[in-house]
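Chemist: Each residue of the sequence shown is one higher than the last, beginning at 1 in full-length UniProt numbering. Ideal Cβ positions, reconstructed from N, Cα and C, are used throughout, including at glycine.
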Amino acid sequence: MNEPSVIFVVAMAENRVIGKDNVMPWHVRSDLKRFKALTWGKPMIMGRKTFQSIGKPLPGRESVVVTQDPNFHAEGAHVVHSTEAALERARQLAVELRSDEVAVIGGGEIFRQMLNEAHRIHVTEIHAKPQGDAFFPELDPGQWVEESRTKHQAGEKDDHAFSYVEYVPRASSDVT
Ligand SMILES: NC(=O)c1ccc[n+]([C@@H]2O[C@H](COP(=O)([O-])OP(=O)(O)OC[C@H]3O[C@@H](n4cnc5c(N)ncnc54)[C@H](OP(=O)(O)O)[C@@H]3O)[C@@H](O)[C@H]2O)c1
1 MNEPSVIFVV AMAENRVIGK DNVMPWHVRS DLKRFKALTW GKPMIMGRKT
51 FQSIGKPLPG RESVVVTQDP NFHAEGAHVV HSTEAALERA RQLAVELRSD
101 EVAVIGGGEI FRQMLNEAHR IHVTEIHAKP QGDAFFPELD PGQWVEESRT
151 KHQAGEKDDH AFSYVEYVPR ASSDVT
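#1: Alpha carbons only, please: which of L38, I54, N2 and D100 is nearest the one belonging to V23?
#2: Within a Cβ cutoff of 7 Å, which residues of the same chain sit near R16, ignoring the five residues on either side of it in sequence?
#3: Have a look at the DSSP bridge pairing and note the partners of P169.
#4: Since S63 and A77 are thought to touch, with beta carbons under 8 Å apart, how far apart are those beta carbons, to the nearest angstrom?
#5: Using 8 Å as the Cβ pair cut-off and three pairs as the minimum, do the region 143 to 150 and the region 40 to 57 touch?
#6: First and last residue of the beta strand (DSSP E) that includes R120?
#7: Below 8 Å, can you find three or more Cβ-Cβ pairs linking the region 3 to 18 to the region 114 to 125?
#8: Between which two residues does the alpha helix (DSSP H) holding residue 180 run?
#9: Under the rule that 16 or more other beta-carbon atoms within 10 Å means buried, what is V66, buried or exposed?
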C-alpha cells in the first residue's frame, strides 16, 4: 500500500478564526457531519488543547495527541511528543486501519507546524467574522490552489451559511 496522504480538516471563519477560549465560536451542525464523514476510520492528529476541547477519543477513529508534557496520558488516545512522531504513529495506524489517509484536525499550532505535510486541505468556510484566539495559517497562493468551492445556506441547525472549499498544493510544473 502507498504511503497514506495527509489531509487537513478545518472549519474556519472568513477572518481565519478557528477557535476562541478552546471552543469553536459557532454552531454549524452540517460541518460536524462533514467532519465525521471526512475523518471516519482514519487516524487523526491533534494538539493537546484540541484533544481536551473535544474531551475524549472520538469513536470510529484513532486519536494521536501531540504534547510536550511527558506526564500526559489519555485513555484510548496515542500520546506523542513531536509533530514528527505524530506523523510516524499516524502512518502506522493508517496501515492497521487500512486507511489511505491521515487527518490533521488542529488546532492552530498544529496546523501551522504541519502545513508543509498536507496533500489536501478540506475547509468549511464559515460566513462570519467572530472574535477568536486561534487561527488557521495563511495559505501562500504560490503554493496552494483552490480546487473547488460550493456555497451552502445555513440549515436548521447552522448559525451561519458556509462554503466547502478544497485546496491542493500547486503542482511544481505550475510554478513560474
Ligand atoms: N475550527 C476548527 O476546525 C478547529 C479544529 C481544531 C481546534 N480548533 C480550536 O483551536 C483551538 C486550539 O488550538 P491551539 O492552537 O490553541 O492549540 P492546539 O494546536 O490544539 O494544541 C496546542 C498544544 O499542542 C502541543 N504542541 C504543539 N506543538 C507541539 C510540538 N511541536 N511538540 C509537542 N507538543 C506540541 C502543546 O501541548 P502542551 O501544552 O500539552 O505541551 C500545545 O500547547 C481551540 O479553540 C479549538 O476549539 C478549531
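Modeler: Considering the structure as presented:
#1: I54
#2: F135 and F136
#3: W144
#4: 4 Å
#5: no
#6: R120 to I126
#7: yes
#8: No statement about residue 180 is possible, as the shown extent of the chain runs from 1 to 176 and does not include it.
#9: buried
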